[in-house]
Every structure is written in C-alpha cells, then in structure tokens.
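1 is the number of the first residue of the sequence shown in the UniProt record's numbering; add one for each residue after it.
All C-beta atoms, glycine included, are put in the ideal place defined by N, C-alpha and C.
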Amino acid sequence: MINFGIIGTNWITQQYIDAAHATGEWKLTAVYSRNLEKAYSFGEKNGATKFYDRIEDLINDKNVDAVYIASPNSLHFAQAKQVIEADKVAVVEKPMVANPTEWEQLDEALEKHPQALLFEAARHIHEDNFRAIRNQVGQMKLIQGATLTYAKYSSRYDNYLEGHEPNIFSLNFAGGALQDLGVYLAYDAVCWFGMPEEVAYFAQKIRTGVDGKGIAILRYPEFDVTLNIGKNINSELSSEIYGVKDSIVMDNAAELNRVEYIDEEGNRRLISDDPESNPMIAEARDFARVIQDPDNHINRKDYQNWLDLSRNVNKLLYNLRQNGKIYFTNEKEED
1 MINFGIIGTN
11 WITQQYIDAA
21 HATGEWKLTA
31 VYSRNLEKAY
41 SFGEKNGATK
51 FYDRIEDLIN
61 DKNVDAVYIA
71 SPNSLHFAQA
81 KQVIEADKVA
91 VVEKPMVANP
101 TEWEQLDEAL
111 EKHPQALLFE
121 AARHIHEDNF
131 RAIRNQVGQM
141 KLIQGATLTY
151 AKYSSRYDNY
161 LEGHEPNIFS
171 LNFAGGALQD
181 LGVYLAYDAV
191 CWFGMPEEVA
201 YFAQKIRTGV
211 DGKGIAILRY
221 PEFDVTLNIG
231 KNINSELSSE
241 IYGVKDSIVM
251 DNAAELNRVE
261 YIDEEGNRRL
271 ISDDPESNPM
281 IAEARDFARV
291 IQDPDNHINR
301 KDYQNWLDLS
311 RNVNKLLYNL
321 RQNGKIYFTN
331 EKEED
C-alpha cells in the first residue's frame with residue numbers, strides 16, 4: 001500500500017484521491033493546506049489522519065511515501081523539487097513545470113536522489129483509448145495531418161469577467177489556455193506524431209496577459225497538426241487524424257470517450273472502449289505499478305518513457321508560448 005499526502009484541496013485532488021483509492025493500491029494519509037481547518041475538513045472525509053499547514057511537515061512525514069501536487073501551476077516546480085530531495089515520490093498535476101530550465105533542475109535532482117520518482121499526471125496517455133489511437137496511427141499507410149480541439153469554458157472565467165485575476169488566468173501563476181488544456185493536445189501530438197520541426201501559436205490574449213484561447217500550428221516534414229484550445233469558449237467540434245482516404249475521429253481529443261476509425265471505403269469501426277467511471281484510475285494504477293516494483297525492467301522502461309515524453313511536451317509548450325509572446329512572471333523575453 002502506498003501512503004500518500006496531497007498538496008491542494010480542489011476538485012481535481014478529490015478526483016485523484018477517489019481514483020487512487022479505487023485501485024486498492026493507495027491510501028490517503030496526510031493533507032496540506034495553508035488553512036489547517038480546511039486540511040481537516042477535506043482530509044477527514046477521505047480517511048486522512050495527518051493534517052498540516054506547513055509543506056515541509058507533510059513532506060518530512062515518515063509515513064508519507066508519495067505526494068500528489070495539485071497547487072497552482074507556478075508552484076509545481078519548487079514543491080516537486082522538495083519532494084524529490086526528500087527521496088520520495090512526486091506526482092505532479094500537468095503542466096508539471098513552466099519551462100525547460102525548471103524541468104532540467106528536476107532531472108538533476110532525480111540524479112542526486114535515485115530513490116525518488118517523478119510522475120506528471122497526464123491521465124489520458126495511460127488510458128486504453130489513447131493507446132488504441134496510437135496503435136491505429138501506426139497502421140495507417142500515410143498520415144497527412146490532424147486537427148485536435150479542446151475548448152471548455154472555465155468556471156473561473158466568470159470571476160475574471162468581474163474584474164478579478166484567478167490563478168488559472170494569471171501570468172503570476174503560469175496560467176492560460178495553452179498550459180491548462182493545451183497540455184492534453186500537446187501530449188496527443190508528441191505521442192502520436194513525435195516532435196514537430198516548427199511551431200506557431202496564434203494566441204488571443206485577455207486582459208491579464210494570458211491566452212484565453214488560441215490556435216497552434218505544428219509543422220512536421222510531411223504534414224501539419226492544428227491545435228484548437230480555449231478556456232473562455234465551449235466547443236463541440238470533434239477531432240480528426242487524416243490519412244489518405246481513411247481517418248480517425250475522436251469526440252474530444254482529451255476525453256477520448258468515443259473514437260472511430262473510418263477506412264478507405266467509408267466504413268466506420270469503433271476502436272474505443274467504454275471509459276472508466278473515473279478518468280484518473282488508469283494513471284493511478286500505472287504509477288502504483290512502478291512505485292511498488294521500480295526495478296522491474298518493463299516498469300523502468302515505462303517510467304523513462306513517461307519522463308522523456310513529459311520533457312518533450314514541456315519543451316513544445318514552452319516553444320509555443322515563446323512564439324505567441326506569452327511570458328510568465330520572472331521569465332525573460334527571448335531575442
């Protein structure tokens with residue numbers, strides 16, 4: 001059993017706790033919140049027995065094996081580094097860090113602390129339907145491009161419209177549509193097609209300087225991939241991968257609830273299965289497999305592949321931000 005603590009007490013944390021408990025491999029032990037009363041109220045209903053208002057106390061708790069981090073984006077790096085330096089497991093919500101410099105510092109910390117493990121909670125890449133698409137792409141004669149969409153109106157946007165600056169729409173907290181929803185599409189593109197040769201991001205910025213929505217173009221040697229991202233709109237557009245006469249159609253490039261392959265004759269074949277009731281179960285199960293048997297050669301290979309993928313996605317998001325001239329607080333504009 002993996003005893004874990006949490007940083008962050010929002011809806012996504014609750015979803016991860018439920019998923020982790022559903023696997024039978026995890027047990028919530030400790031909760032951190034800046035407000036100790038909130039730590040108690042959130043943690044007790046989920047079976048936690050330790051409650052902290054100092055992150056250091058949570059990380060140094062000898063009964064905590066792993067820490068799930070779901071704080072604002074800009075805090076992920078420092079908190080993950082603390083967990084690694086304590087020789088523990090860090091499970092970090094996407095995006096794991098803001099830029100390649102931070103990623104490399106985490107990589108250096110892992111080298112100094114070989115007992116530690118680092119996972120980016122990119123939940124959809126662990127799902128069967130994601131793998132079904134990757135397998136189908138590999139069987140297609142020729143890929144001629146893709147259009148991937150994930151645009152979902154944020155509940156925090158109303159707060160922005162009232163004149164406030166929620167974390168997810170703030171440069172101070174590494175927010176914006178690309179970082180929050182675009183990360184799903186970046187994982188799709190990198191995993192299914194590899195790293196692009198050139199990128200462009202046409203960001204539509206809002207008052208706070210982040211992108212409320214935008215269009216990204218990823219150029220590959222023989223095709224382009226378009227990413228359509230938004231947090232201040234809703235879109236019901238399906239997503240597609242184009243072959244010659246065949247294609248793959250997804251209801252949603254992040255949720256992947258229904259995926260069809262349409263062959264050259266126009267015949268439709270369902271290649272997806274019914275998704276889990278909780279979309280985070282697959283990642284919680286995969287992480288537990290590696291944590292409990294890190295020396296297994298298959299687990300080592302999977303773990304390294306996930307790290308490499310995370311590094312490349314981070315690089316892609318950073319390059320897109322630079323092209324779109326979106327610079328987080330304390331980042332310098334490149335020449």
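To the nearest angstrom, report how far apart Glu-111 and Ala-66 are at their CA atoms. C-alpha separation (whole angstroms): 18 Å.
Span of the alpha helix (DSSP H) holding Leu-309? Under the DSSP assignment, Leu-309 falls in the alpha helix (DSSP H) whose first and last residues are 297-323.
Rounded straight-line distance, which links the Cα of Ile-229 to that of Gly-145: Gly-145 and Ile-229: Cα-Cα distance of roughly 17 Å.
How many angstroms separate the CA atom of Asp-335 from the CA atom of Leu-181? Residue confidence is low: Asp-335 scores 36 on pLDDT, short of 50, so the model does not pin down where it sits. Its coordinate-derived value is still stated next. Annotation: Asp-335 to Leu-181 spans about 27 Å, alpha carbon to alpha carbon.
For Gly-182, which of helix, strand or coil comes out of DSSP? In the structure shown, Gly-182 sits in a helix (DSSP, three-state: H, G or I).
By Cβ distance, which residues of its chain are closer than 7 Å to Phe-287, with the 5 residues on each side in sequence left out? Within the same chain, and ignoring the five residues on either side of Phe-287 in sequence, the residues whose Cβ sits closer than 7 Å to its Cβ are Val-91 and Phe-119.
If you reduce the DSSP assignment to three classes, tell me which class Gln-15 lands in. In the structure shown, Gln-15 sits in a helix (DSSP, three-state: H, G or I).
For Asn-252 and Ser-235, what's the separation of their Cα atoms in angstroms? Using only the alpha carbons, I get a separation of about 10 Å.
Measuring alpha carbon to alpha carbon, tell me which residue in Leu-148, Asn-63, Glu-197 and Leu-307 is nearest Leu-237. Closest by alpha carbon: Leu-148.
Exposed or buried, which one is Gln-139 when buried takes at least 16 other CB atoms within 10 Å? It counts as exposed.
Return the first residue and the last residue of the alpha helix (DSSP H) that Ala-43 is part of. The question names Ala, but residue 43 is Gly in the sequence shown. In the DSSP assignment, Gly-43 falls within the unbroken alpha helix (DSSP H) covering 36-44.
Does Gly-230 come out as helix, strand or coil in the three-state DSSP assignment? Secondary structure at Gly-230: strand, using DSSP grouped into helix, strand and coil.
Start and end residues, alpha helix (DSSP H) containing Tyr-157: Element bounds for Tyr-157: 157-161.
My understanding is that Leu-317 touches Ala-116, with C-beta atoms under 8 Å, so please give their C-beta distance in whole angstroms. Cβ-Cβ separation between Leu-317 and Ala-116: approximately 24 Å, too far for a contact (criterion under 8 Å).
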